[in-house]
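In our numbering, the protein residues as written are 1 to 330. Ideal Cβ positions, reconstructed from N, Cα and C, are used throughout, including at glycine. Bear in mind the structure is a predicted one, so any value in this text is a computation, not a measurement.
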Ligand code: PMP
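If you want it as structure tokens, here you go:
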């Protein structure tokens, strides 16, 4: 019989899928590493397992302990999944702007969700950082994974994402492209691929226009999960050869094309990464192999990037229009 002992054993070993339609006019092979195949639906399952493993090993998390993290997104789902399987209590703190569907997803896994007001200063005790710190202080056996500063994040990608890409391309990968949020994915994967290839793999970051990784000021953008206005420890800029900025209009247009033309229903940061990968691949020869990582599924964004009404309300063109938009965020 062939089966997994636990759903956690199905994390990782996600497939590479060749992009064939959006790559028109490009000679290089462009392969998407599709992370929605993870059981929690995103790349973050990898770091959730790794951060909890490390905390157990180092004694920061003991049997019956409580995991507390200010997150509403994919990391929360990954942590909720792992925590539940290992018998930990999970409390997530998220601002009230977070869609009810996302909170409901976390609760469905058995996690508790504490909602804080959005309209307070980040250093206010009522902010979601402030509230999560208070819960940690008041809860015996509490552990805060702190994904932006936890080295187990990039280490998870060094141990799994990088080796999988190297194995599945039989060492033929020449370029790796990923969005930068905490920076864990790109830093850990790059470290492995550069070591394995004697530094021959070129690593390209994709960043929302306005974010600091591509030289912006932290100006707001709509694509979720990527970009920053501060420098987290999980990111090692030296491991990234180039960062390409992509604006929301282009990210969202490509996201929708991936669903309609490649059958890949993915989130906006995937569209952003593919847009950057295609720019990088444009003048590459036919023997180049570009791997681009798609972090999550589009199911969580049906009311956003996949909604014509939402796109139009923000000045983005509909599915068949052009992608030039007025700059709604300026
Ligand atoms: N896309 C999405 C949807 C994410 O949730 C994240 C994680 N914040 C990323 C991309 C970026 O990954 P990383 O944090 O490893 O840089």
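Residue 163 in three-state terms, based on DSSP: helix
Proximity below 9 Å, CB of residue 31 to CB of residue 290: In this structure, the beta-carbon distance from residue 31 to residue 290 falls below 9 Å.
Selection from 234, 3, 107 and 276 that minimises the alpha carbon distance to residue 242: 276
Cα-Cα separation between residue 2 and residue 146, rounded to whole angstroms: So the alpha carbons of these two residues sit roughly 36 Å apart.
Straight-line Cα distance separating residue 192 from residue 163: 7 Å
Residue burial classification, residue 184 (beta-carbon count within 10 angstroms, cutoff 16): buried
Spatial distance of residue 263 from residue 58 (CA atoms): 42 Å
Among 39, 104 and 176, the one whose alpha carbon lies nearest that of residue 85: Closest by alpha carbon: 39.
Strand pairing of residue 54, partner residues [DSSP]: None; residue 54 has no bridge partner.
Residue of 142, 189, 116 and 309 minimising C-alpha distance to residue 160: 189
Residue 226: CB within 8 Å of a non-hydrogen atom of the ligand PMP: yes
Segment contact, 8 Å Cβ cut-off, at least three pairs: the segment 48-66 with the segment 80-97: As far as the Cβ criterion goes, the segment 48-66 touches the segment 80-97, which means the pair count is three or higher.
Simplified DSSP state of residue 154, which is helix, strand or coil: helix
C-beta contact flag for residue 171 and residue 155 at 9 Å: Annotated as distal: residue 171 and residue 155, with beta-carbon spacing of 9 Å or more.
Three-state secondary structure (DSSP) of residue 321: Unreliable positioning characterises residue 321 in this predicted model, as indicated by a pLDDT of 48, which lies under 50. The coordinate reading is nonetheless provided below. In this structure, residue 321 counts as coil in the three-state DSSP scheme.
Coarse secondary structure for residue 208, derived from DSSP in three states: strand
The segment 247-259 contacting the segment 300-316, beta-carbon criterion three pairs below 8 Å: yes
Beta-carbon proximity check, residue 79 vs residue 52, cutoff 9 Å: Yes, they are a contact pair.
Proximity below 9 Å, CB of residue 103 to CB of residue 115: Their beta carbons are under 9 Å apart, which means residue 103 touches residue 115 by this criterion.
Span separating the alpha-carbon of residue 286 from that of residue 27: 5 Å
Unbroken alpha helix (DSSP H) run spanning residue 136, endpoints: 128-138
The ligand PMP heavy atom lying under 8 Å from the CB of residue 175: no
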